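Following: one structure in structure tokens, then a few remarks.
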Amino acid sequence: MSNLFSGQRNVQEESVIDKTKEPTKFQRLNQELLETEQKYYSDLLMVHEVFQKRLAAAFGVQIISRIFLNWEELIAISQKVIKHLTQQQPGAAFAAMEPRLQAFVTFCGNQVSAMEDLNRLENENLNFKQMYWSCCQDPNVRGLSLGYFLLLPMARVTRYPLLFEKMLKCTEMDSPQYKVLDGVYSMLKALCSEVNQAITEVENMNMLYWSQQYVNCDSIKPKLVFPSSTRHRYPRVYLHSGILYKLRSGKMLVALLFNDFLLFTTPSVSISDPQSFKLSKSTDLCLNMYKSPLMLESLSICSPKEDDDEAVLILKSGAELIHLKATNVNSRKMWENQLTKAIQQCKEAVVQQIRSPDRQQKSQIGRLLLEIAEVINMDLEHPCICEVKLSLSAPQKVSLGQNRIHGAPICTTQFDLYDPSEKFTMGFFFPRQFTPDICAGEFTVPIGDLLNASVAHRGPILRTINMQKSDLAKPVGSVIMKFVVQMYT
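Per UniProt numbering, the sequence shown runs over residues 1 to 489.
So this is what it looks like as structure tokens:
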């Protein structure tokens, strides 16, 4: 009997020993990370040897580098990652590689252009096509195309945070490894966001340049430059495009939505399949402006009537109602979503520029009363805006039209003072719709200088101040300013 129990105990002990020999989930994930990295590295190296070297030798490094970009840098990084993973814990291995991982942003941001260059060479260059086909016959390629392998870096960089997220879930929070893994996981997620942002920025710039080349807006003066900053000094962003019809006449329009305006155009040739039509940087279609762009800051979406078609889209620009119809209900919903978001962000940008800065609970210590009496050596005959502001107050703007009475003060206003270290800034701007306003002249004066001048003088002080900067030329104008500083005691 004792021998029987003894045998059972030995079996149980052996079972416990066997379980301790089984790899933990963390170890399995670590092994998966290493093995998939080795396979990824092997594919990168194969592409370099089979495709990159042979094609570069035949067609030149300059042409082929547009396809492979920084491929050799990606090989070196993967090789280093493998080395670190065999010597360190995965968290420490990737923490050491953080600066070099930016190479993924460079490659992935230009990946679409690389694929397009490959397709163009394959379709237009017979010699390239023959050499490329010969490379594809190499047994190491496994019957796959180069296009497949060019997608590997994107697939790899998006795989990293998923693996580290799984490692975090099977690591105790009080483990020394947890903090390192958590930091690397956050870093890799941020890296993927950078990659996505780089892709978006490249695609956006491509569409802005496409618009500049194919959209005819000659009636807009000065000329509309699509790849530029908006009036509110934000980079212009291409957001959406598609076909919309005028509701009553049924006229087809191609609409382009940017982050500052909506543009309606007419195509130079008829579009055969409106349902699947989509603009891209490879679209060969000229568009002519149908009407002046609708600025988003004065645009809104109106609710349709109950008996309206579900594809109807009604916009309001100022007092004008614009009745449109999308190609289908889903298209109308997409337009509504894109427009709603774009209009909201545009209006927030406008509000941000006129919002008072954060005074951090500062109390009012006085006020500045001023009158801009005269401007010397500056041509203000064009429509012009005078903008005055203090560091801790919202800017004030005065439009100087042609009806301004000659000799009358340009601007009379006052500001509350919150800090003696504030600065007073004044500028004259020629307004533009589609680019930042042109600065005709601007100057900045520390409030301390005005305070010092007012101490030794009672009543208004007259001061001539020279312009310090201008977008037009060397600042030559000056302003005669009358001011009073009242301090509360």
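Every residue, glycine too, gets a C-beta built ideally from N, C-alpha and C.
All values reported here derive from a predicted model rather than from experimental measurement.
*Tell me, to the nearest whole angstrom, how far the beta carbon of K325 is from that of Y245; I am working on the premise that it is less than 8 Å.*
Indeed, because the Cβ distance is near 5 Å, the residues count as touching under 8 Å.
*Local conformation of F128 per DSSP, three classes*: helix
*Distance, V312 Cα to I385 Cα*: For I385 and V312, the distance between alpha carbons rounds to 39 Å.
*Smallest Cα separation from M295: which of S193, Q433 and K305?*
Q433
*DSSP on P431, reduced to helix/strand/coil?*
coil
*Per DSSP, which residues does V398 bridge with? Please list them.*
C386
_Terminal residues of the alpha helix (DSSP H) in which I82 lies_ = Unbroken alpha helix (DSSP H) run through I82: W71 to Q87.
*State buried or exposed for residue 523, treating a residue as buried only when at least 16 other CB atoms are found within 10 Å of its CB.*
Beyond the ends of the chain as shown, which are 1 and 489, falls residue 523; an answer cannot be given.
*Alpha carbon to alpha carbon, how far is V61 from E201?*
Approximately 26 Å, taken between the alpha carbons.
_On the DSSP letters alone, give me the boundaries of the beta strand (DSSP E) that V479 sits inside._
It spans S478 to M487 - the beta strand (DSSP E) in which V479 sits, taken as one unbroken run.
*Which same chain residues, not among the five before or five after L168, have their C-beta less than 8 Å away from its C-beta?*
Answer for L168: Y178, L181, D182 and Y185, listed in chain order.
*Got a sec? Which residues, its chain only, sit under 8 Å from V225 by beta carbon, not counting five neighbours each side?*
Q212, F434 and T435
*DSSP state of Y245, grouped into three classes?*
strand
_Among P409, L253 and F443, whose alpha-carbon lies nearest the alpha-carbon of K482?_
P409
*What residue range is occupied by the uninterrupted alpha helix (DSSP H) comprising V351?*
V329 to I354
*What residue range is occupied by the uninterrupted beta strand (DSSP E) comprising M46?*
Not the beta strand (DSSP E): M46 falls in the alpha helix (DSSP H), residues K25 to V47.
*Per DSSP, Y238 is paired with what?*
Its beta-bridge partners are F258.
*Buried or exposed by the 16-neighbour rule on C-beta atoms within 10 Å, applied to T265*: It counts as buried.
_In the DSSP assignment, the alpha helix (DSSP H) including C108 goes from what residue to what residue?_
A103 to G109
*Closer than 7 Å by C-beta to R367: which residues in its own chain qualify, once you throw out the five before and the five after it? Chain order, please.*
Excluding its 5 nearest sequence neighbours in each direction, R367 has C-beta neighbours in its own chain below 7 Å: Q414, F415, D416, L417 and Q486, listed in chain order.
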